[in-house]
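In order, the protein sequence lines correspond to chains A and B.
The C-terminal position of the first sequence is numbered 348 in my numbering, with every residue numbered one higher than the one before it.
The C-terminal position of the second sequence is numbered 408 in my numbering, with every residue numbered one higher than the one before it.
Heads up, the beta-carbon is just placed ideally off N, CA and C, and yes, glycines get one too.
Small disclaimer: the values here were computed from a predicted structure and weren't measured.
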Amino acid sequence: MPRTPSEDTPAISIRHLHKWYGAFHVLRDVNLTVARGEKVVVCGPSGSGKSTLIRCINRLEEHQKGTIVVDGIELTDNLKRIDRIRREVGMLFQDFNLFPHLTVLENCILAPVWVRRVPEKEAVQTAMHYLERVRIPDQADKYPGQLSGGQQQRVAIARCLCMNPRVMLFDEPTSALDPEMIKEVLDVMVDLAQTGMTMVCVTHEMGFARTVADRVVFMDGGEIIEENEPEAFFAAPQTARAREFLGQILSHGQQAAGA
Amino acid sequence: MADPATPEPKGPSRLLHDRRWRAVIAQAAAFALVAALLACAGLNMARNLERAGIASGFGFLDQVAGFEISQTLIEYSRASTYARAFWVGLLNTLAVSAVCIAASTVLGFLLGLLRLSPNWLAARLAGVYVEVVRNVPLLLQILFWYIAVLNPLPPPRQALDLGGVAYLCNRGLVLPWPQWERGGLAVGLALAAGLALAWGFAAWARRRRVRTGRSLPVWRLGALLAALPPALAWALADARVEWSIPALSGFNFRGGGTVEPEFIALALALTLYTAGFIAENVRAGIQAVPRGQIEAAASLGLRPWRVMRLVVVPQAMRVIIPPLTSQHMTLVKNSSLAVVIGYPDLMSVFAGTTLNQTGQAVEIIAITMLVYLAVSIVISLIMNWYNDAMALKGR
């Protein structure tokens, strides 16, 4: 894995972060540090601000107070900095967001060619390498509309990896998938975790959190309520709200357990 | 084909219950009805024309027209035939339509993008423009430009001086006009070739950028490439050109070329009006692209205009093209409003003056209708071809 000279700076450092949507206070004094190579799972009830938090990390959402430093670069209104951070941070979305007018391969080489100025041949080689890693090299010439949801999400992972990012953000990557497709996507994510990628993942897949995460962050009402190692968090949540949340997702948690 | 367990009934009743045969019978009945109506109308018309003593047939096309036309793209005089007048009118219609289709499409795209711009003022101004232009009748807009803007312009002697070579006055826009002694055609063709070359070069440079990651100064090299062939042709053909510069002489300009006020008013009104509608089509098309597409492209590090060029516009085009086609066709048909300000288009010259002089309404209206129909079909075919090229695959 390529490392920056400043090895000891954290991959992501968020200090006293606040965000408002108009009068609505979405994020309240959030502090989070993610070390290089660390895997953090963010969970919490819907509307707790977890998606908003990770969307702030690559400036899909603007924050109003506090600081976010990614890979040693502070996020400000400076467009050059935003560009640099977005180049180094890959993001996966709930509904994949593949480009429907481009083939799988074209989806994968678009950003390397137009952002990193990688020669097309080289970009194609890299893309095929990552498509093999997500186990769909044979679909390279198809269009996203011809693939299943699970396949599309795996292409989206390959598309991110082609930019050789230092950090990957996952915004509920399996929430729009059928149960039998969740596994194929999670398997790829577990593989990815084993390569040492820094990952911040918003998910309700508790099985995934158990096997992969170094740390689980529980959010409610725009705040981080609890932070712990996965075993400790699932075995003995410290706060009442976390206990209630875990109780709810585990009681009809076939999907969570099955994954 | 038939299920062996249930034998098909024989005889005519079988046909009556067959889905395909029923469709054929219904079509045949509808056709017979339409044919009968047309035959009835045709017979009736022929009898009435005969009773009124009006000639029929297309022989009138070879007769001398005997009227003047103020603006002609081809040679025409009072002694020309009605057929020649028809071509003059048709070319005038096509000329104003071509200019307006190109201009309104460019302006419409700009306005549509501007309306979605994060710049508050630009977006509002574009919005106000679109609402005003779309909600005022086109006829009124044509009259506005002709009567309220161009007509009050000063006479030639007090003309507005545009840099000492071109003048704007109530006789129109007077421009310097090249008069080629020799080599005009060669230089013209070479210029077209140069532009095509520059365009091809830009496409090649884009592919090279994708292939190798290295970019070229496309604009500067492209301009050079476009200029090279005409310069070469000029030298080789030893071209001689005399620029006819407009100069005041008495009460009017002498020399130069004139764009008549009727053409300017009609072109302005049609362009500005249609651009308002095209802007709305463009806006709708861009807004039809899901937000997630823009977010995904941005999160990969693509700059905003690359997001637009590579991700948003290609997807928006499939929503934009069908209504854009109908805007282009509407524009051609709307150009017939030229009648009110006396721009000699097909409607005015042929379905107007020619019809009045010959009285052969049936033939003339039929020809005129067929011409507009043919133009619309050609536009539609071109746009359908383009639409197929832009369509999403794998759906």
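Residue nearest to residue i in terms of C-alpha spacing, selected from the options
i               : options                        : result
R233 of chain B : B:P259, B:A108, B:A218         : B:A218
R222 of chain B : A:E273, A:A212, A:S237, A:R330 : A:A212
A108 of chain B : B:L283, B:A206, B:G268         : B:L283
E312 of chain A : A:A100, A:L142, A:S237         : A:L142
A252 of chain B : B:L202, B:A41, B:L153          : B:L202
A288 of chain B : B:F276, B:N132, B:A404, B:G125 : B:G125
W256 of chain B : B:R32, B:S90, B:Q192           : B:Q192
P233 of chain A : A:R206, A:L258, A:D260, A:L187 : A:L187
E127 of chain A : A:D166, A:T98, A:E273, A:E333  : A:T98
A65 of chain B  : B:Q40, B:W100, B:L386, B:A374  : B:A374
T156 of chain A : A:M308, A:I271, A:S237, A:K108 : A:K108
Y180 of chain B : B:L261, B:N148, B:P242, B:A41  : B:L261
R125 of chain A : A:V306, A:M286, A:A302         : A:M286
L199 of chain A : B:N164, B:R224, B:S228         : B:R224
K139 of chain A : A:R205, A:T284, A:E261         : A:E261
G389 of chain B : B:A215, B:L337, B:P242         : The sequence shown places Ser at residue 389 of chain B, rather than the Gly named in the question. Of the listed residues, the one whose Cα sits closest to S389 of chain B is B:L337.
D75 of chain B  : B:L50, B:M58, B:P165, B:F99    : B:F99
Distance, residue j Cα to residue i Cα
i               : j               : result
L359 of chain B : N400 of chain B : 30 Å
P94 of chain A  : V123 of chain A : With a pLDDT of only 46 at P94 of chain A, under the threshold of 50, the placement of this residue in the model should not be trusted; the figure read from the coordinates follows. P94 of chain A and V123 of chain A: Cα-Cα distance of roughly 17 Å.
W318 of chain B : W203 of chain A : 12 Å
K346 of chain B : L104 of chain B : 14 Å
A139 of chain B : M321 of chain B : 19 Å
R27 of chain B  : A54 of chain B  : 37 Å
S93 of chain B  : L198 of chain B : 27 Å
L181 of chain A : H30 of chain B  : 57 Å
V159 of chain A : P254 of chain A : 12 Å
R248 of chain A : L220 of chain A : 8 Å
A96 of chain B  : F363 of chain B : 9 Å
I174 of chain A : G213 of chain B : 36 Å
G196 of chain B : P259 of chain B : 23 Å
A298 of chain A : V326 of chain B : 39 Å
S110 of chain B : S348 of chain B : 7 Å
P303 of chain B : M330 of chain B : 14 Å
G176 of chain B : R184 of chain B : 18 Å
K169 of chain A : N120 of chain A : 25 Å
Q171 of chain B : C182 of chain B : 8 Å
G263 of chain B : N369 of chain B : 36 Å
P242 of chain B : L208 of chain B : 9 Å
P189 of chain A : V332 of chain B : 14 Å
Y286 of chain B : A280 of chain B : 10 Å
Below-9 Å beta-carbon distance, residue i vs any chain B residue
i               : result
A200 of chain A : yes
L187 of chain A : yes
A245 of chain A : yes
D184 of chain A : yes
T93 of chain A  : The pLDDT assigned to T93 of chain A is 48, lower than 50, so where the model puts this residue is not dependable, and the model offers no usable value.
D118 of chain A : no
A345 of chain A : The predicted position of A345 of chain A is uncertain, since its pLDDT is 44 and thus under 50; a value taken from the coordinates is nonetheless stated next. Answer no: the Cβ-Cβ gap between A345 of chain A and chain B never drops below 9 Å.
G179 of chain A : yes
H152 of chain A : no
C290 of chain A : no
G342 of chain A : Here G342 of chain A scores only 48 on pLDDT, less than 50, and its place in the model should not be relied on; the value that follows carries that caveat. False, the Cβ-Cβ gap to chain B never drops below 9 Å.
P208 of chain A : yes
H190 of chain A : yes
8 Å contact criterion, which residue i and residue j should meet: CB distance rounded
i               : j               : result
I291 of chain B : T118 of chain B : 6 Å
V130 of chain A : V193 of chain A : That pair is no contact at about 28 Å.
M77 of chain A  : I338 of chain A : The requested residue 77 of chain A is not part of the displayed model; chain A covers only 90 to 348.
A282 of chain A : C251 of chain A : The pair is not a contact, with the Cβ atoms about 18 Å apart (cut-off 8 Å).
A331 of chain A : E316 of chain A : Wrong, their Cβ atoms sit about 10 Å apart, outside the cutoff.
Beta carbon proximity, residue i to chain A, threshold 9 Å
i               : result
I392 of chain B : no
A297 of chain B : no
G314 of chain B : yes
T225 of chain B : yes
S228 of chain B : yes
Q306 of chain B : yes
A301 of chain B : no
A310 of chain B : yes
R222 of chain B : yes
W217 of chain B : no
Where the segment 320-333 of chain B meets chain C: residues whose CB sits under 7 Å from a CB there | The chain inventory of the structure shown lacks chain C, comprising the protein chains A and B.
With a floor of 4 residues, list each alpha helix (DSSP H) that falls wholly inside the segment 168-203 of chain A, ordered by position along the chain.
-> Counting whole runs of 4 or more residues, the segment 168-203 of chain A contains the alpha helix (DSSP H) stretches 168-177, 193-203.
Taking the runs of the beta strand (DSSP E) that are 3 residues or longer, which of them lie wholly in the segment 183-238 of chain B?
-> Correct list: 185-188, 190-195.
In chain order, each alpha helix (DSSP H) run of at least 4 residues that lies wholly inside the segment 258-306 of chain A = 268-283, 295-301, all fully within the segment 258-306 of chain A.
Output the residue ranges of the alpha helix (DSSP H) runs that lie fully inside the segment 374-403 of chain B and measure 4 residues or longer, sorted by chain position.
-> Runs found: 374-403.
What runs of the alpha helix (DSSP H), each 4 residues or longer, lie entirely inside the segment 99-160 of chain A?
-> Fully enclosed alpha helix (DSSP H) runs of 4 or longer: 139-146.
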